[in-house]
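Peer 1:
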Ligand SMILES: C[S@@+](CC[C@H](N)C(=O)[O-])C[C@H]1O[C@@H](n2cnc3c(N)ncnc32)[C@H](O)[C@@H]1O
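Residue numbers (the numbering used here): 64 to 320.
1. Less than 7 Å between the CB of residue 124 and some heavy atom of ligand 1, yes or no?
2. Pop quiz: residue 219 and residue 180 are said to be a contact at Cβ under 8 Å. What is the actual Cβ separation, rounded to whole angstroms?
3. Please report how far the alpha carbon of residue 82 lies from the alpha carbon of residue 68, in whole angstroms.
4. Assuming residue 282 and residue 210 make a contact with CB atoms under 8 Å, what is their CB distance in whole Å?
5. Thinking just about the alpha-carbon of each residue, which of 298, 153, 108 and 202 is nearest to the one in residue 73?
6. Just how far apart, CA to CA, sit residue 198 and residue 297?
7. Would you say residue 299 and residue 186 are within 8 Å of each other, going by their C-beta atoms?
8. Determine the closest residue to residue 87 out of 99, 163, 159 and 265, with distance taken between C-alpha atoms.
9. Considering only residues of the segment 99-165, which uninterrupted beta strand (DSSP E) runs meet the minimum length of 3 residues and lie entirely inside it, listed in chain order?
10. Given 8 Å as the limit, is there contact between the segment 87-99 and the segment 156-170, that is, 3 or more CB pairs closer than that?
11. Got a sec, what are the start and stop residues for the alpha helix (DSSP H) residue 257 sits in?
12. Any contact between the segment 139-152 and the segment 169-180? By contact I mean 3 or more CB pairs, one from each, below 8 Å.
13. Spell out a yes or no on whether the segment 97-104 and the segment 278-292 are touching, meaning 3 or more CB-CB pairs, one atom from each, closer than 8 Å.
14. Within 10 Å of its beta-carbon, does residue 255 have 16 or more other beta-carbons around it, so buried, or fewer, so exposed?
15. Assuming contact is defined by CB atoms lying nearer than 8 Å, are residue 259 and residue 182 in contact in what I supplied?
16. Exposed or buried, what is residue 114 when buried is set at 16 or more other beta-carbons lying within 10 Å of its beta-carbon?
17. Entirely within the segment 178-237 and at least 4 residues each: give me those alpha helix (DSSP H) ranges in chain order.
18. Where residue 215 and residue 222 are concerned, what is the direct C-alpha to C-alpha distance, given to the nearest angstrom?
19. Once the 5 residues before and after residue 314 are set aside, which same chain residues still bring their CB inside 8 Å of it?
20. Just how far apart, CA to CA, sit residue 203 and residue 289?
21. Select from 120, 95 and 109 the residue whose C-alpha is nearest the C-alpha of residue 248.
22. Quick one: grab the DSSP three-state call for residue 240.
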């Protein structure tokens, strides 16, 4: 059976039950660097997806790159349930999903230089500026991503919100050798994530970019730089906000855990 969302197939296929995997981490250990080899039962480069929603990117990447392990999290239990079920049914032993706030995950659970790639697709822009403190991309968050990445590690980020993108493109190059990537990613011409597919179906422009960790910046230097950079207090108005309102009615209000 081929599953689809908005007319685009969900990567992979449902395997017979005896080949299913167990990809849910129901409860993380107390704060401290996660033991990736213990979690996955092998030593392999780790790809982290933050705010993964229903996990489309992680499913596709894990299927295409079995030699990488994938850890993805979101604060909403319902989307992690969808993601986990699909990864289980596809027998993806190189995937784990957990319900966790991305700031806490990066700040308290991910060890220094332990990650090969960090992916962040369409972080919630919280277009009401009174909720600006909930925005994930802050100077400190970027310093935490810099710390988590191994030398040469990759950070990928995208949004359909031009105001958030203006903020991101001002800050991200401080920490990463960053380049914009205007065209769809070649591995997913119709969109890497649910939100990308949905936004494109509404005619919204997608802003994408990626960069490797700046190795001329130490962890302490990155934290010092972060302290001098502005918080994400931008105001945002436009058709992309209507889509956010529609989506949050779909998913319910976010809560941190
Ligand atoms: C616009 S959706 C994008 C989902 C997915 N990345 C995509 O592109 O389809 C934003 C997602 O971020 C999650 N989220 C919001 N704040 C978060 C946080 N602090 N930590 C982790 N996930 C968060 C939401 O629950 C939601 O699933």
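Note that beta-carbon positions come from the ideal geometry of N, C-alpha and C, so glycine has one too.
Peer 2: By the coordinates alone:
1. no
2. 7 Å
3. 24 Å
4. 5 Å
5. 153
6. 10 Å
7. no
8. 159
9. 109-113, 132-137 and 158-162
10. yes
11. 257-264
12. no
13. no
14. buried
15. no
16. buried
17. 202-211
18. 23 Å
19. Annotation note: pLDDT 49 at residue 314 (below 50); position unreliable, coordinate value reported separately. For residue 314, where only same-chain residues beyond five positions count, the Cβ hits under 8 Å are 139, 141 and 142.
20. 5 Å
21. 120
22. strand
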